[in-house]
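Position 73 (the sequence shown) corresponds to 84 in our numbering; numbering is contiguous.
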Amino acid sequence: MLARAQARGDQARSRVLVVDDHRTFTDLTSLALATEDDLLCVGTATDSARARRLVEQHHPDVVLMDVNLGGEDGLVLTEELLRLRPTLRVVVLTAYADLGVLRRAAAAGACALLPKNGSLPELLEVLRTARPGGLVVHPSLLRRLVGEGGGGTASAAPVPRLTARERAVLDRLAQGHDVRWIARDLDITVNTCRGYVKSLLAKLDAHSQLEAVVAATAHGLLHGPGPG
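Take a look at the structure:
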């Protein structure tokens, strides 16, 4: 009876695989996950081969992935794992982010990009809440990228004037939500929401939703998306 109850409890928890080439980090993270009622660490991996095996064996809901796996690329592994299991959620950690990392994380299908030295409560919250279809980017990384993305000129450029509804859409884009989710949340049609996104891209001189969020942060239109 006790074993069955424990099994049911484990099934109700989000199953997390930690992939990082620093054993101290993986050990500490797995210990932290063990104290959470709704998260369960199903294994740790320090290289891509072991990560692939554990994904096949344990079917995690979430993978916590370091960008740098020694001589291997965590974003290449992210893309590979998501091809195999499209419903998998991958939260990427990076010690240093530039626009290239940001764009590659988005292209690989990651649902969050966080600093390696971020706080544990923020990390746990993102593991719980980040969903496929969006990219949650930690505010500290966005602030670091603003100057690079705008070439240092964003603050001198006129601040775009946004309507209340455009701001509402922009806020939700910054939180990592996709157009369909935003449309449901704002009780508008998907086509209407896409129209607001198109307007935001034009006003912010951006070519993608990700660039729009970076540009909006540079203009002070956002404080930056926080976890959750």
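Just so you know, even glycine gets a beta-carbon here, dropped at the ideal spot from N, CA and C.
Taking residue i as part of the beta strand (DSSP E), name the residues at either end of that continuous run.
| i | result |
| --- | --- |
| residue 126 | 123-126 |
| residue 28 | 25-30 |
| residue 55 | 50-56 |
Who does residue i pair with in a DSSP beta bridge?
| i | result |
| --- | --- |
| residue 83 | 80 |
| residue 75 | 29, 102 |
| residue 225 | None; residue 225 has no bridge partner. |
| residue 148 | 124 |
Start and end of the alpha helix (DSSP H) containing residue i?
| i | result |
| --- | --- |
| residue 206 | 201-214 |
| residue 112 | 110-119 |
| residue 178 | 175-185 |
| residue 41 | 34-45 |
| residue 132 | 131-140 |
| residue 170 | It is not in any alpha helix (DSSP H) - residue 170 carries neither H nor E in the DSSP assignment. |
| residue 196 | 190-197 |
| residue 69 | 59-69 |
Take residue i as the anchor and find which of the options has the nearest alpha-carbon.
| i | options | result |
| --- | --- | --- |
| residue 188 | 107, 61, 121, 31 | 121 |
| residue 141 | 47, 211, 75, 175 | 75 |
| residue 127 | 65, 104, 186 | 104 |
| residue 115 | 99, 77, 86, 57 | 86 |
| residue 40 | 49, 54, 48 | 54 |
| residue 61 | 45, 125, 80, 46 | 80 |
| residue 51 | 57, 83, 88, 139 | 139 |
**Report entry** Segment contact, 8 Å Cβ cut-off, at least three pairs: the region 26-33 with the region 65-75
**Finding:** Yes, the region 26-33 is in contact with the region 65-75.
Report task. Check whether the region 130-150 touches the region 202-212, taking contact to mean three or more Cβ pairs, one atom from each stretch, closer than 8 Å. Result -> Three or more beta-carbon pairs separated by less than 8 Å are not found between the region 130-150 and the region 202-212, which leaves the two stretches without contact.
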